[in-house]
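Notes follow once the structure below has been shown.
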Amino acid sequence: MNRLYKNLQDLLEQKIGLYEKFIQLLNEEWKCVTEYSYDGLQDIIAKKNDQVMQMQALENSRSSLMKKISANLKVGQSGLTLRKLIQFKDNPYRINLSKCRIKLLSKINKINILSAKIKALMDHSALSLKKSLAFIHSEGEKAYSPYEANGQVTEGRSQSRMVSVDI
0 MNRLYKNLQD LLEQKIGLYE KFIQLLNEEW KCVTEYSYDG LQDIIAKKND
50 QVMQMQALEN SRSSLMKKIS ANLKVGQSGL TLRKLIQFKD NPYRINLSKC
100 RIKLLSKINK INILSAKIKA LMDHSALSLK KSLAFIHSEG EKAYSPYEAN
150 GQVTEGRSQS RMVSVDI
């Protein structure tokens, strides 16, 4: 059983490392977005996708390990969480697992804050772009439209002349 606890601790430490790298990627993404670097942003998105795949693989390993631990403890796997596992008195790794849990929660919180910040900036930028395009479109229509905003017909902006084609 101690080996399972040690494996879990190792997995959690790997997960913390991946989360730290992901936070670095989010900081780089923020920098690319604020500097309008499209190419840099594409690179960061590709790196983030790779990182997410690694985190998913690690999560699958953790889930499998938790199944083994729950079977050894004769506890339902759906009810076994890291918090509950830490509360078991016969767990010699509970202090280390508790530290890992605190670090993980901190990293997850940081990721959520950065993600929300980036999303808000991108949403605001997209809205600004949409408003700019609507303004440009409306100005273009005003320039070529024979109607004023109140529905009145405008006078011709250019003078027209008749040209004779008879020679």
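Numbering of the sequence shown is given in numbering that gives the first Met the number 0, commencing with residue 0 and proceeding in unit increments.
Where a beta carbon is used, it is the ideal one built from N, C-alpha and C, also for glycine.
On a predicted model such as this, the values are computed, not experimentally measured, just so you know.
Alpha-carbon spacing of residue i relative to residue j, whole angstroms
| i | j | result |
| --- | --- | --- |
| Lys106 | Ile135 | 43 Å |
| Lys5 | Tyr92 | 7 Å |
| Thr33 | Thr80 | 39 Å |
| Cys99 | Gln13 | 10 Å |
| Met52 | Ser127 | 33 Å |
| Asp89 | Asn59 | 26 Å |
Residue range of the alpha helix (DSSP H) that includes residue i
| i | result |
| --- | --- |
| Phe87 | Careful: Phe87 lies outside any alpha helix (DSSP H) and carries neither H nor E. |
| Gln253 | One cannot answer for residue 253 here, as it falls past the ends of the chain, which runs 0 to 166. |
| Gly78 | That residue, Gly78, is in no alpha helix (DSSP H); it is neither H nor E in DSSP. |
Assumed close pair residue i, residue j - CB separation to whole angstroms, cut-off 8 Å
| i | j | result |
| --- | --- | --- |
| Leu96 | Gln8 | 6 Å |
| Lys102 | Leu3 | Between Leu3 and Lys102 the Cβ distance is about 20 Å, and since that is not below 8 Å, they are no contact. |
| Leu17 | Met54 | 5 Å |
| Gln41 | Leu24 | The pair is not a contact, with the Cβ atoms about 13 Å apart (cut-off 8 Å). |
| Ile22 | Lys109 | 6 Å |
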